[in-house]
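Numbering-wise, numbering that gives the first Met the number 0 puts 265 at position 266 of the sequence shown, and it's gapless, one number per residue.
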Amino acid sequence: MRFTNGYAACAVCSPTRAALQTGRYPHRIGVTDWIRSRFQRGRIGTPAQNPTKYVGGRNNQFLCPPNPYWMEHEEVSIAEALRGRGYRSGYIGKWHLGDPAWFPPGQGYDENKGGCDYGQPPSYFDPFNQPKGRHETLRQGIHNLPGRKKGEYLTHREADEAEALIRGWHKEKKPFFLMVGHYAVHTPIQALAEVAAKYQRDKKPNNAKYAAMVESIDDSTRQILTTLKDLGIDRDTLIIFTSDNGGLDRNGSPTENAPLRSGKGYAYEGGIRVPFLARWPGTIPAGKISHVPVCSIDIFPTVVEAAGGKLPDDRAIDGLSLMPHLKSGGTTKLNRNELLWHFPHYRHAPGPYSIIREGNQKLIKFWGGPFELYDLQKDLGESKNLAAEMPKRVSELDTLLLQRLKETGAKLPRENPDYAKK
């Protein structure tokens with residue numbers, strides 16, 4: 000089943016990954032921006048605890064809540080939720096949720112191949128390092144992915160690791176949960192030359208390397224699907240394919256999100272709308288398309304239900320299981336009225352923002368103003384701001400947004416007493 004209204008829980012990576020693992024909104028967890036890796040923090044080591052003090056300079060109208068260095072161990076991951084059902088678990092590729100103590104094994108995963116604090120690889124080619132990198136981690140390469148064949152492409156290595164785990168668990172007759180978080184297509188934009196060459200046939204080649212990186216993910220996905228079929232377990236396996244944020248669209252480079260507006264990091268559909276597909280032969284009717292809005296937070300409860308498990312009863316789970324909707328071919332409705340996003344930071348212009356989508360209407364609350372209101376059914380590209388025409392609706396949605404943010408434990412931007420207005 001393909002979802003035309005699939006969403007990442009945030010327009011950047013770490014918050015979405017935390018939400019996917021837990022079924023909880025990023026702002027409920029406290030991970031609302033991408034987490035800085037050790038090589039990005041200079042001489043700052045691993046602190047004793049996550050920061051709590053609001054931050055902001057004189058040029059910022061608001062003080063913003065700090066972003067953590069890791070997702071707290073108290074959160075329950077998919078791997079931990081399935082352990083009681085006898086499931087083996089593995090993580091491959093990009094993790095980006097904290098320092099070594101918070102790598103996947105610290106969150107319940109039995110196997111970890113490449114999951115670490117990196118948000119991007121030092122290199123896509125074996126030995127996956129930067130020999131002259133400014134930080135020791137860059138010189139070392141990717142955690143638990145030692146070099147084996149110089150020049151081997153990372154995405155293909157990830158596929159091999161996935162196949163090996165699947166075959167091993169099948170031999171042991173163990174049920175399993177495996178997450179493959181390809182480092183691609185994150186920067187650096189590096190691809191196999193022979194794959195990129197086919198995309199340079201036109202007189203004006205456009206981002207051939209990026210296209211080749213996407214093809215390598217296709218190859219990896221095909222290898223995993225083929226492995227499942229070879230072992231005769233494809234009809235016993237639920238597969239969900241999605242992304243952690245929209246494409247990096249800087250005026251068409253390295254990719255283009257049209258007809259969606261903008262890209263990674265931003266409040267518009269290009270930043271948060273992502274591919275979202277589910278496959279389970281014999282259980283999910285093939286070829287179905289759903290227009291129901293779904294989100295990264297729905298993956299945790301969906302997987303837990305599919306495995307016959309139970310959701311944690313000591314915490315709120317914001318996502319919904321999609322299993323009834325999937326099994327019915329999209330005829331069973333989801334009991335949800337709205338989706339939320341909360342990015343209380345100054346990483347991208349015009350500063351902190353929060354979003355609510357109710358029905359086809361989407362309100363963007365830029366904390367420094369103004370509001371933007373769009374009808375996504377009529378205006379997917381968000382070209383016509385309806386806020387001035389519909390002030391009552393803006394007020395209603397803003398009230399609902401603030402109420403929901405409060406209910407879900409969001410830390411809101413605060414007025415900066417030292418703000419020097421220009």
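The C-beta atom is built at its ideal place from N, Cα and C for all residues, glycine as well.
Own chain partners of residue i with C-beta closer than 7 Å, once the 5 adjacent residues on each side are dropped
i, result
"D98", "R37, T45, Y68, W69 and D116"
"G307", "R84"
"L385", "L372, Y373 and D374"
"G55", "F61, L62, C63 and N415"
"P349", "F365 and G367"
"E71", "none"
Member of the options whose CA lies at the smallest distance from the CA of residue i
i, options, result
"G281", "G246, I298, G307 and D233", "D233"
"D248", "S261, V194, N111 and N66", "S261"
"T3", "F275, N143, T31 and R82", "F275"
"K332", "P323, Q199 and W340", "P323"
"P300", "I77, G5, W33 and P25", "I77"
"D317", "H169, L404 and N143", "L404"
"A419", "R133, R27, A190 and N58", "N58"
"N359", "H134, F370 and K377", "K377"
"A161", "L259, D109 and T226", "T226"
"E268", "K326, I355 and F176", "I355"
"P14", "Q48, W33 and R147", "W33"
"G41", "P253, S382, E135 and G150", "E135"
"G118", "K93, K112 and G132", "K93"
"P187", "L400, N244 and M212", "M212"
"V194", "Y209, A80, V184 and A183", "Y209"
"Y239", "G180, Y152 and A80", "Note that residue 239 is Ile in the sequence shown, not Tyr. Ranking the options by Cα distance to I239, first place goes to G180."
"V31", "M389, I43, R156 and A7", "A small correction: the amino acid at residue 31 is Thr; Val does not occupy that position in the sequence shown. That would be A7, whose Cα lies nearest to the Cα of T31."
"P311", "L81, Q139, Y108 and G246", "L81"
"V75", "R166, Q199 and Q20", "Q20"
"G231", "G107, H169 and P258", "H169"
Residue i (DSSP reduced to helix, strand or coil)
i, result
"M178", "strand"
"T241", "strand"
"Y152", "strand"
"V393", "helix"
"P253", "strand"
"H26", "helix"
"S215", "helix"
"H347", "coil"
"L372", "strand"
"D200", "What sits at residue 200 in the sequence shown is Arg, not Asp. In the structure shown, R200 sits in coil (DSSP, three-state: anything other than H, G, I, E or B)."
"K361", "strand"
"L124", "Contrary to the premise, residue 124 reads as Phe rather than Leu in this sequence. Residue state, collapsed to three classes: strand."
"M70", "coil"
"D313", "coil"
"E388", "coil"
"H324", "helix"
"Q48", "coil"
"Q129", "coil"
"G105", "helix"
Beta-carbon separation (whole angstroms), residue i vs residue j, contact threshold 8 Å
i, j, result
"S215", "T154", "4 Å"
"H95", "C12", "6 Å"
"S295", "F176", "Not really, about 16 Å apart at Cβ, beyond 8 Å."
"G114", "F127", "Not confirmed; about 13 Å, so no contact."
"M0", "K228", "19 Å between Cβ atoms; not a contact."
"N244", "C9", "7 Å"
"L400", "L362", "7 Å"
"E79", "L164", "No, E79 and L164 are not in contact; Cβ-Cβ is about 18 Å, not under 8 Å."
"G264", "H185", "Contact doesn't hold; Cβ gap of about 13 Å is too wide."
"P121", "G140", "6 Å"
Other residues of its chain near residue i: CB distance less than 6 Å, five sequence neighbours each side excluded
i, result
"M178", "Y90"
"D297", "G318, L319 and L321"
"R27", "T407 and G408"
"I223", "A161"
"P237", "With the sequence shown as reference, residue 237 is identified as Leu, and Pro is not the correct amino acid for it. Correct list, in chain order: W279 and A305."
"K410", "P64"
Residues bridged to residue i (per DSSP)
i, result
"S289", "F2"
"C294", "Y6"
"G307", "Its beta-bridge partners do not exist; DSSP assigns none."
"S261", "Note: S261 sits in no beta bridge, so no partner."
"A277", "I239"
"N111", "Y90"
"I165", "Paired residues: none, contrary to the question."
"S353", "H341 and K364"
"R272", "Y6"
"C63", "V54"
"E414", "F61"
"D248", "P253"
Cutoff 8 Å; reference residue i; Cβ partners in own chain excluding five residues on either side
i, result
"P351", "F61, C63, F342, P343, H344, Y345, F365, W366, G367 and P412"
"E157", "I91, G92, K112, G113, V179, H181, Y182 and S219"
"E395", "none"
"L191", "Y152, A211 and S215"
Chain D within 8 Å of residue i, Cβ atoms only
i, result
"V54", "Protein chains in the displayed structure number just one, and chain D is not present."
Cβ-heavy atom distance, residue i to the ligand MN, below 7 Å
i, result
"A207", "As presented, the structure is devoid of all ligands, the ligand MN included, so that no description of it is given."
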